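Input: a single structure, listed below in structure tokens.
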Amino acid sequence: MKLAPRLAVFLAAVTLGAAACAPQTSGNSSSGKDEKTGTLRVWLFQEVNNKPKERAVDTVLADFERAHQGTEVDVEYIPVETRAQRIKAAFNDPSSAPDVIEYGNTDTAGYVEDGGLADVTAEFDAWDEAKDTDPTARRSVTVGGKVYGAPYFVGVRALYYRTDLFDEHGLDVPRSLAELASTARELRAAEPGLYGLAVGGAYTYGALPFLWAHGGELATGEDGTYTAAVGSAAARKGIEAYTALFGDDNCPTAKCAGMGGNDTVTAFAAGKAAMAIGGDFSHQAVEAGKVKGKYAVVPLPGVEPGSIAPAFAGGNNIGVLKSTAHRSLAVDLMKRLASKKAQGELFEAMGFLPTFTDVRERAAEAEPFVKPFVDTLEAGTRFVPASPAWAQIDSSLVLPTMFQEIVSGKKDVAAAAADAARKMDDAFGSAG
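Sequential numbering of the sequence shown, starting at 12, is according to our numbering.
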């Protein structure tokens, strides 16, 4: 895919700024060293189709090595599935640890708690490009008021729907969550072989917009001290709205209770669902499926007609390990990898949305498929509690268990939500 002219010109304009980023010396490394030459080790996530990402990254590394004679960069692309074990092991063994890592934005608080990430607040605040960072993306690298990395890309979800089926049955695109539910059931009745709206009992980030749109919250608090709020009346309304979509009149419980986000997108791409909640990062998979040319995307509607449901702002960050012996070089490389120019090229390579608002706007102009996701971001997104406990809550499947208990009939909404709240509070309490 070639750069659209407006985006190409913009990226060329920011190239000089990115190349001019000089490293700032800091004595904030736990190694006590700040060597100005040598080899920097970098761990980045391996994507399904990694070659385009490698080419975009190689461009950054070439510029970095030219700017810092006597240095070279060794990049290893690690599987996302084993990142937790690899990165925590690196925290415990500085001698074999990388200098710079890519990490999921929900991992920030846990990695800070583990003492693995360097505080780069001063360098981030002095970085001219940082002023254009999306506020939610900045929150994803912030713990206790300090910054522990640079946002790399952001991902949000919106509503994919079959234009051919909507036209065939004379349906309008849903403008509220209530209309979404009724339209899903109407499509299921008209097309019994399809899910109306594919939903999943293990699809946490597809369910959360329903909770947030009804005024609910996952938890209340800040700076690592949180109290679960999923048992509140507002949260229960959202949970009920989501779990009501399971059943023979839309997405049969026996098939859908165990489905996750990838399963719902796969069902849509394969032509087995009339609608699905998918991310900007799902675009390539849908384009490669049977529904190519027969679908469109709009923001997921909220409770009020015409509103947009708050989406989870996912994505990844780039951070510097506290143990690095190349603090200044590592920070400079972090900024180059996460720069406006690099994020624009990563969007071109992989379709990952930039975290800079101006770059993202130009990306939307260059590629129309981006617009509903940008509209969703601009309407306001949400994030998980910035607590190290979130990793435990997520890995323990607290929320999927709650959804599955409700749709299976084992517990009603109030009881399942109360149990989930207790589990979350136990995790928050153990995290300190």
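Just so it is clear, CB atoms sit at the ideal spot from N, CA and C, and this is done for glycine as well. On a predicted model such as this, the values are computed, not experimentally measured, just so you know.
Contact check, E356 vs A133 under 8 Å by CB: the rounded distance? Within the sequence shown, residue 356 is the residue found at index 345, counting from 1. Within the sequence shown, residue 133 is the residue found at index 122, counting from 1. With 8 Å as the limit, E356 and A133 do not qualify as a contact, their Cβ atoms being about 27 Å apart.
Which ranges would you report for the beta strand (DSSP E) in the stretch 333 to 405 if only whole runs of at least 3 residues count? none
Unbroken beta strand (DSSP E) runs of length 3 or more, entirely within the stretch 229 to 260: which are they? 230 to 233 and 236 to 239
Distance, R371 Cα to G126 Cα: Translated into the one-based positions of the sequence shown, residue 126 becomes position 115. Translated into the one-based positions of the sequence shown, residue 371 becomes position 360. Cα to Cα, the separation comes out at about 32 Å.
Is it buried or exposed, A200, if we count other Cβ atoms within 10 angstroms and call 16 or more buried? To locate residue 200, count along the sequence shown from 1; it is residue 189. Per the 10 Å Cβ criterion, exposed.
Express the C-alpha separation of V91 and C32 in angstroms, rounding to a whole number. By one-based count along the sequence shown, residue 32 stands at place 21. By one-based count along the sequence shown, residue 91 stands at place 80. Residue placement at C32 is poorly supported in this model, since its pLDDT is 41, which falls under 50; the coordinates are not used for a value here.
Cβ-Cβ distance between D291 and V167 below 9 Å: For this step, residue 291 is matched to residue 280 along the sequence shown. For this step, residue 167 is matched to residue 156 along the sequence shown. Their beta carbons are under 9 Å apart, which means D291 touches V167 by this criterion.
Run through DSSP, which three-state label would E315 get? Reading the sequence shown from its first residue, position 304 is the one you call residue 315. DSSP places E315 in coil when its eight states are reduced to three.
Are L208 and A192 closer than 9 Å when you measure CB to CB? Working through the sequence shown from its first residue, we reach residue 208 at position 197. Working through the sequence shown from its first residue, we reach residue 192 at position 181. Yes; because the gap between Cβ atoms is below 9 Å, this pair is in contact.
Using only the alpha-carbon positions, how far apart do G313 and R52 sit? The count along the sequence shown starts at 1 and reaches residue 313 at position 302. The count along the sequence shown starts at 1 and reaches residue 52 at position 41. Distance between the alpha carbons of G313 and R52 is about 44 Å.
Please specify which runs of the beta strand (DSSP E), each continuous and at least 3 residues long, are wholly inside the stretch 260 to 291, giving them in chain order. 284 to 290
Hey, would you say A108 sits closer than 9 Å to T412, going by beta carbons? Taking the first residue of the sequence shown as position 1, residue 108 is located at position 97. Taking the first residue of the sequence shown as position 1, residue 412 is located at position 401. No, they are not a contact pair.
Between the Cα of F164 and those of V154, T144, E233 and D183, spot the shortest distance and give me the residue it belongs to. Locating residue 164 in the sequence shown gives position 153, counting from the first residue. The shortest Cα separation from F164 among V154, T144, E233 and D183 belongs to T144.
In its own chain, which residues sit with a C-beta less than 6 Å from the C-beta of L176, not counting the 5 before and 5 after it? For this step, residue 176 is matched to residue 165 along the sequence shown. The answer, listed in chain order, is A285.
For A287 and Y172, I'd like the C-alpha separation in whole angstroms. Within the sequence shown, the letter at position 276 stands for residue 287. Within the sequence shown, the letter at position 161 stands for residue 172. For A287 and Y172, the distance between alpha carbons rounds to 7 Å.
With DSSP run on the structure shown, which of helix, strand or coil describes T132? Counted from its first residue, the sequence shown places residue 132 at position 121. In this structure, T132 counts as helix in the three-state DSSP scheme.
Suppose you measure from the CA of A349 to the CA of E83; what does that come to, to the nearest Å? Residue mapping note: residue 349 aligns to position 338 of the sequence shown, counting from 1. Residue mapping note: residue 83 aligns to position 72 of the sequence shown, counting from 1. Approximately 18 Å, taken between the alpha carbons.
Residue range of the beta strand (DSSP E) that A161 falls in? Your numbering for residue 161 matches position 150 in the sequence shown. A161 to G166 is the span of the beta strand (DSSP E), which, as asked, contains A161.
What does DSSP give as the partner residue(s) for T174 in the beta ladder? What you label residue 174 is simply residue 163 of the sequence shown in a count that begins at 1. Partner(s): none; T174 has no beta bridge.
Any 3 or more C-beta pairs closer than 8 Å across the stretch 211 to 231 and the stretch 393 to 407: yes
Between the beta-carbon of W138 and the beta-carbon of Y88, is there less than 9 Å? The residue given as residue 138 occupies position 127 in the sequence shown. The residue given as residue 88 occupies position 77 in the sequence shown. Going by C-beta atoms, W138 is not nearer than 9 Å to Y88.
Please work out which residues of its chain come closer than 7 Å, Cβ to Cβ, to L283, disregarding the five sequence neighbours upstream and downstream, and give them in chain order. Mapped onto the sequence shown, residue 283 falls at position 272. Reading off the sequence shown, one finds Lys at residue 283, where the question assumed Leu. Once the five neighbours on either side are set aside, the close Cβ partners of K283 are L205 and Y206.
For D423, count the other beta carbons within 10 Å of its own beta carbon; 16 or more makes it buried, fewer makes it exposed. Which is it? For the purposes of this step, residue 423 is identified with residue 412 of the sequence shown, where counting begins at 1. Counting Cβ neighbours within 10 Å, D423 comes out exposed, since fewer than 16 surround it.
Look at the alpha carbon of A307 and the alpha carbon of V342, and state the distance between them as a whole number of angstroms. Counted from its first residue, the sequence shown places residue 307 at position 296. Counted from its first residue, the sequence shown places residue 342 at position 331. When rounded, the distance between both Cα atoms is 40 Å.
So if DSSP puts G325 in a beta bridge, which residue, or which two residues, is it bridged to? Here residue 325 is taken as the residue at index 314 of the sequence shown, counted from 1. Looking at the DSSP assignment, G325 forms a beta bridge with G166.
Please report the straight-line C-alpha distance between G38 and D45, rounded to a whole angstrom. One-based indexing of the sequence shown puts residue 38 at position 27. One-based indexing of the sequence shown puts residue 45 at position 34. Only weak support exists for where G38 lies, its pLDDT of 40 falling under 50; the value from the coordinates is given anyway. So the alpha carbons of these two residues sit roughly 7 Å apart.
Indicate the three-state DSSP secondary structure (helix, strand or coil) for G121 in the structure shown. Your numbering for residue 121 matches position 110 in the sequence shown. Here G121 sits in helix by DSSP.
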